[in-house]
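In the numbering used here, the protein residues as written are 141 to 660.
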Amino acid sequence: MYWLAELCVRRPVFALMIIAALVVAGLASFPQLGVDRFPSMDLPTIYVRTYYPGAASQEVESEVSQVIEDAVATVAGIDELRSISSDGSSFVIVTFNLTRNLDAAVQDVRDAVASVRNRLPPGIDPPVVQKQDTDSSPIITLAVSGPRTASELYVLADRYVKNVIESAPGVGQVTIAGAADRAVQVTIDARRLAAHGLSILQVRDALAWQNAEVPGGRVDQGMRERNLRTLGRVRHARDFPDLVVATVGGAAIRLSDLGTVHDATKEIRTLARLNGKPAVVLQVQRQSGENTVKVIQGIKDRLPRCEALLPDDVTVTVIQDQSRYILAALHEIEGHLISGSLLACLTVLVFMRSWRSTLIAAVAIPTSIIATFAFMRAFGFTLNNVTMLALVLMVGVVIDDAIVVLENVFHYIEEQGMDPIRASIEGTREIGPAVLATTLSLVIVFLPVSFLSSVTGRMLFEFGVTATVAIMISMLVSFTLTPMMCSQLLVKGMANPSAPASRRGWYGWLEAGYMACLRL
141 MYWLAELCVR
151 RPVFALMIIA
161 ALVVAGLASF
171 PQLGVDRFPS
181 MDLPTIYVRT
191 YYPGAASQEV
201 ESEVSQVIED
211 AVATVAGIDE
221 LRSISSDGSS
231 FVIVTFNLTR
241 NLDAAVQDVR
251 DAVASVRNRL
261 PPGIDPPVVQ
271 KQDTDSSPII
281 TLAVSGPRTA
291 SELYVLADRY
301 VKNVIESAPG
311 VGQVTIAGAA
321 DRAVQVTIDA
331 RRLAAHGLSI
341 LQVRDALAWQ
351 NAEVPGGRVD
361 QGMRERNLRT
371 LGRVRHARDF
381 PDLVVATVGG
391 AAIRLSDLGT
401 VHDATKEIRT
411 LARLNGKPAV
421 VLQVQRQSGE
431 NTVKVIQGIK
441 DRLPRCEALL
451 PDDVTVTVIQ
461 DQSRYILAAL
471 HEIEGHLISG
481 SLLACLTVLV
491 FMRSWRSTLI
501 AAVAIPTSII
511 ATFAFMRAFG
521 FTLNNVTMLA
531 LVLMVGVVID
541 DAIVVLENVF
551 HYIEEQGMDP
561 IRASIEGTRE
571 IGPAVLATTL
581 SLVIVFLPVS
591 FLSSVTGRML
601 FEFGVTATVA
611 IMISMLVSFT
621 LTPMMCSQLL
631 VKGMANPSAP
641 ASRRGWYGWL
651 EAGYMACLRL
């Protein structure tokens with residue numbers, strides 16, 4: 141690295157261009173960095189959710205959970221397999237080895253569950269297979285409330301709020317909870333059913349066959365071919381009572397002869413209230429890799445448009461907002477970053493006793509940190525608690541190389557009387573191997589953190605890489621910008637260690653104590 145330091149001393153513009161290019165790239169990348177609470181990572185866990193309405197936990201365990209577990213157990217790479225069975229629901233948790241490709245594992249689990257679908261009891265909801273994803277949690281939750289029924293609020297939220305929110309940049313999925321879907325409710329009178337000699341299964345089959353649209357084949361007409369289909373789906377709830385269930389003695393038995401039909405909703409499984417008023421909840425998920433704060437702000441900007449479309453007695457309220465926690469954490473870390481930088485510069489000023497020396501060393505902090513943003517953008521990292529923690533810790537590290545080079549150049553100028561240009565070259569050449577060894581030792585400490593073979597390693601992957609990049613950039617600064625600035629800013633006679641002023645007061649006590657320690 142000696143040749144690079146000499147080149148930068150003799151060609152100051154070259155050194156400025158190298159560092160300026162890194163700083164400009166960092167400044168351009170900073171606004172494009174995503175902002176999140178934690179790093180985005182694929183955890184090696186897959187869930188299989190199955191709902192079995194009306195079943196007790198023992199039935200769910202034996203008829204659903206055990207069947208799915210036996211099928212999934214044949215998938216390769218499983219580290220742990222367990223299930224949770226409760227009344228009406230089964231929850232199978234599959235944990236894989238970290239070396240297993242998670243996308244392939246999800247497909248293998250889906251295939252295994254599909255292979256035993258016919259062995260599961262009738263009446264269950266189809267099993268849902270999904271991987272544990274940090275991006276799948278809602279970033280903002282909205283409530284649509286007012287003095288109306290849950291069904292009315294559901295329709296308003298779906299028509300006027302959900303469609304507007306989904307158009308916001310970065311929004312992945314909007315889910316509505318707290319209201320049941322619309323359904324036609326058929327109530328059968330058991331006595332009427334028995335009087336006509338029919339069973340409930342006959343009623344169910346009649347409804348299924350007469351409320352369906354099926355392909356009807358095709359008709360060839362010379363050079364033309366027409367597709368046929370049977371239009372049998374009932375369009376309105378008022379048409380259900382006229383459906384024919386059976387024919388007894390030449391008389392048609394209609395659904396209205398056996399019971400009543402109501403335009404209602406499905407069984408309510410979730411309920412939402414806001415300040416005592418009926419409400420429905422909209423949970424918004426972002427697209428993977430999007431800036432959480434920007435996505436939430438885009439959603440908030442669209443809320444006035446939603447409220448303008450809704451009736452006056454219906455309101456939209458934000459009840460959960462991740463951006464508040466993210467911004468609060470980042471602002472706190474930014475404060476630590478700034479205060480740490482100022483304290484590091486103050487420490488250099490106290491011991492070097494020269495504002496020129498302090499300026500040369502202090503420049504290493506912003507240049508190293510800002511340039512790191514460019515590499516974070518290139519690696520797809522975000523500004524989160526982990527990467528910001530790495531940058532805060534690096535404040536005291538990135539200045540070390542510059543201080544070591546600066547002190548050695550300072551030594552050549554003040555004690556050997558060299559001119560600043562020659563002192564910058566010789567001082568950097570002499571101390572260069574030590575700086576390189578120190579930098580590589582720090583890299584050896586921080587980089588392996590990114591490759592820990594555990595979930596913790598995946599969480600800290602961005603920490604290790606960010607810290608390593610900042611350290612390597614600080615070494616580049618110490619071999620380019622620092623010697624160049626020393627040759628331009630340092631002059632003879634800035635400080636004379638043998639001067640009486642340096643032997644008095646606090647510095648005198650410090651030197652006396654230091655010399656006493658050396659004599660031990």
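Glycine included, each C-beta is placed from N, C-alpha and C at the ideal position.
Alpha-carbon to alpha-carbon, residue j and residue i
{"i": "residue 324", "j": "residue 379", "result": "11 Å"}
{"i": "residue 155", "j": "residue 525", "result": "33 Å"}
{"i": "residue 636", "j": "residue 554", "result": "Because residue 636 carries a pLDDT of 49, less than 50, the predicted location of this residue cannot be relied on, and the following value inherits that uncertainty. Rounded to whole angstroms, residue 636 to residue 554 spans 7 Å at the Cα level."}
{"i": "residue 82", "j": "residue 251", "result": "Since the first residue shown for the chain is 141 and the last is 660, residue 82 is missing from the structure and cannot be characterised."}
{"i": "residue 652", "j": "residue 461", "result": "58 Å"}
{"i": "residue 260", "j": "residue 459", "result": "39 Å"}
{"i": "residue 150", "j": "residue 624", "result": "8 Å"}
{"i": "residue 305", "j": "residue 450", "result": "14 Å"}
{"i": "residue 573", "j": "residue 564", "result": "15 Å"}
{"i": "residue 169", "j": "residue 613", "result": "16 Å"}
{"i": "residue 177", "j": "residue 465", "result": "8 Å"}
{"i": "residue 291", "j": "residue 230", "result": "28 Å"}
{"i": "residue 337", "j": "residue 384", "result": "15 Å"}
{"i": "residue 435", "j": "residue 416", "result": "30 Å"}
{"i": "residue 227", "j": "residue 592", "result": "40 Å"}
Classification of residue i by the beta-carbon crowding that lies within 10 angstroms, buried from 16 upward
{"i": "residue 302", "result": "buried"}
{"i": "residue 395", "result": "buried"}
{"i": "residue 269", "result": "buried"}
{"i": "residue 579", "result": "buried"}
{"i": "residue 478", "result": "exposed"}
{"i": "residue 157", "result": "exposed"}
{"i": "residue 332", "result": "exposed"}
{"i": "residue 475", "result": "exposed"}
{"i": "residue 257", "result": "exposed"}
{"i": "residue 148", "result": "buried"}
{"i": "residue 560", "result": "buried"}
Same chain, Cβ closer than 6 Å to residue i, neighbours up to 5 away in sequence not counted
{"i": "residue 317", "result": "410 and 421"}
{"i": "residue 358", "result": "365 and 367"}
{"i": "residue 327", "result": "399 and 400"}
{"i": "residue 586", "result": "604, 607 and 608"}
{"i": "residue 489", "result": "498"}
{"i": "residue 145", "result": "568, 619 and 623"}
{"i": "residue 521", "result": "527 and 602"}
Contacts around residue i, its chain only, beta-carbon distance under 7 Å, and the 5 residues preceding and following it disregarded
{"i": "residue 221", "result": "209, 212, 213 and 234"}
{"i": "residue 133", "result": "Only positions 141 to 660 of the chain appear in the structure, and residue 133 is not among them; the question remains open."}
{"i": "residue 467", "result": "433"}
{"i": "residue 201", "result": "225"}
{"i": "residue 313", "result": "425"}
{"i": "residue 247", "result": "none"}
Cβ-based neighbour list, residue i, same chain, cut-off 8 Å, excluding 5 preceding and 5 following
{"i": "residue 639", "result": "Low per-residue confidence applies at residue 639: pLDDT is 47, beneath 50, and the placement is therefore not dependable, though the value from the model is reported in the following sentence. Same-chain partners within the cutoff: there are none."}
{"i": "residue 239", "result": "217"}
{"i": "residue 480", "result": "532, 535 and 536"}
{"i": "residue 455", "result": "284, 285, 286 and 447"}
{"i": "residue 387", "result": "393"}
Residues sharing a beta bridge with residue i, DSSP
{"i": "residue 187", "result": "233 and 270"}
{"i": "residue 244", "result": "Its beta-bridge partners do not exist; DSSP assigns none."}
{"i": "residue 539", "result": "Its beta-bridge partners do not exist; DSSP assigns none."}
{"i": "residue 460", "result": "281"}
{"i": "residue 628", "result": "None, per the DSSP bridge assignment."}
{"i": "residue 365", "result": "360"}
{"i": "residue 182", "result": "273"}
{"i": "residue 226", "result": "229"}
{"i": "residue 421", "result": "283 and 317"}
{"i": "residue 325", "result": "402"}
{"i": "residue 413", "result": "418"}
{"i": "residue 393", "result": "386"}
{"i": "residue 311", "result": "426"}
{"i": "residue 218", "result": "236"}
Candidates the options: closest to residue i by CA position
{"i": "residue 507", "options": "146, 149, 164 and 148", "result": "164"}
{"i": "residue 425", "options": "603, 277, 169 and 599", "result": "277"}
{"i": "residue 673", "options": "597, 600 and 607", "result": "What the structure shows of the chain is the stretch from 141 to 660, and residue 673 is not part of that stretch, so it cannot be assessed."}
{"i": "residue 294", "options": "419, 337 and 231", "result": "419"}
{"i": "residue 166", "options": "551, 569 and 516", "result": "516"}
{"i": "residue 280", "options": "300, 265, 267 and 308", "result": "308"}
{"i": "residue 207", "options": "527, 255 and 263", "result": "255"}
{"i": "residue 457", "options": "595, 297, 470 and 171", "result": "297"}
{"i": "residue 403", "options": "376, 600 and 263", "result": "376"}
{"i": "residue 442", "options": "199, 627, 300 and 182", "result": "300"}
{"i": "residue 266", "options": "289, 188, 246 and 199", "result": "188"}
Distance cut-off 7 Å: residue i Cβ against heavy atoms of the ligand ATP
{"i": "residue 185", "result": "The model on display carries no ligand, and the ligand ATP is accordingly not part of it."}
Closer than 8 Å to chain C by CB, residue i
{"i": "residue 367", "result": "Going by chain labels, chain C is absent from the structure shown, which holds only one protein chain."}
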